[in-house]
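Here is the structure we will look at, set down as structure tokens.
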Amino acid sequence: MEDNRQQDTKTPKVHSWKEVHREKWLGLSQINWEDNKGRHRVWEAVTRTTKQTGVVDAVDIIAIVRKDGEEDRIVIISQFRPPTEKVCLEIPSGLVDAGETAEQAALRELKEETGYRGTVVGVSPDTCYEPGLTSATCAVVQVLIDGNLEENIHPVPEMEDGECIATRLVPLSQLLVTLNRLMREEGMTVDAKVWTLACGLNFAQSFPPRP
8 MEDNRQQDTK TPKVHSWKEV HREKWLGLSQ INWEDNKGRH RVWEAVTRTT
58 KQTGVVDAVD IIAIVRKDGE EDRIVIISQF RPPTEKVCLE IPSGLVDAGE
108 TAEQAALREL KEETGYRGTV VGVSPDTCYE PGLTSATCAV VQVLIDGNLE
158 ENIHPVPEME DGECIATRLV PLSQLLVTLN RLMREEGMTV DAKVWTLACG
208 LNFAQSFPPR P
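Note that the sequence shown covers residues 8 to 218 in this note's numbering.
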């Protein structure tokens with residue numbers, strides 16, 4: 008991989024964090040840091056008040072329903088998100104509770120939001136959501152759902168108060184087409200993670216091979 012960094016620059020570093028405001032779930036902090044030329048700067052960042060030391064903040068769940076005779080389908084949820092003022096298409100997700108692993112949190116959140124029960128088949132390292140905005144981290148957990156099991160034929164969600172989540176199963180080959188249609192016809196918006204996944208699947212299927 009090409010590295011075009013200048014060799015005579017310093018390594019950027021953070022000197023301190025200062026919380027300037029806090030609400031129930033989120034806080035606003037100022038970060039005093041030093042750039043690669045030794046200049047002192049201030050960065051504003053959103054933080055989670057629920058953050059636990061040494062533990063990922065949340066999980067995002069790529070859940071695939073596999074059923075005999077059918078194409079694999081991904082679990083997509085939709086819910087109204089006040090900051091966007093729109094219904095947002097997402098994958099199941101949620102905060103990691105104290106004492107939980109990412110795997111445990113993923114299975115719990117999947118059951119609560121969609122009713123589906125599955126098996127964890129992969130967990131990512133800790134990743135960042137939007138590194139220019141927040142310190143929040145997440146693990147992307149892959150879950151395989153056996154669509155032949157009775158418990159997954161008519162799943163019943165266990166949503167918390169205030170949650171109103173709709174679940175749809177989308178064939179993997181139709182994910183990008185479906186997202187585009189729902190945005191165009193129903194005025195929904197899409198979580199960037201879901202859009203990136205859909206583009207990746209489409210790219211892998213359609214990009215021409217090397218001659």
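Virtual Cβ for every residue (Gly too), placed ideally from N, Cα, C.
- Nearest to Leu182 by alpha-carbon distance, out of Pro162, Ser213 and Asn209, is Asn209.
- When DSSP states are grouped into helix, strand and coil, Thr121 belongs to the helix group.
- Rounded to whole angstroms, the Cβ separation of Ile68 and Leu117 is 5 angstroms, and the two are in contact under 8 angstroms.
- If you compare the alpha carbons of Trp50, Thr18 and Leu176 with that of Trp24, the shortest gap goes to Trp50.
- Counting along the chain, Glu192 sits inside the alpha helix (DSSP H) bounded by residues Leu182 to Glu193.
- Listed in chain order, the non-local C-beta contacts of Arg124 below 8 angstroms within the same chain comprise Leu114, Leu117, Lys118, Ile152, Leu156, Glu158, Asn159 and Pro162, local neighbours out to five positions each way being set aside.
- Comparing alpha-carbon positions, the option among Gln86, Thr144 and Thr54 lying closest to Ala173 turns out to be Gln86.
- Arg46 is bridged by DSSP to nothing; it lacks a bridge partner.
- Around the C-beta of Thr134, fewer than 16 other C-beta atoms lie within 10 Å, and the residue is accordingly described as exposed.
- Here the alpha carbon of Thr60 sits roughly 12 angstroms from the alpha carbon of Ser142.
- Cα atoms of Asp79 and Ala70: separation of roughly 10 angstroms, rounded to the nearest angstrom.
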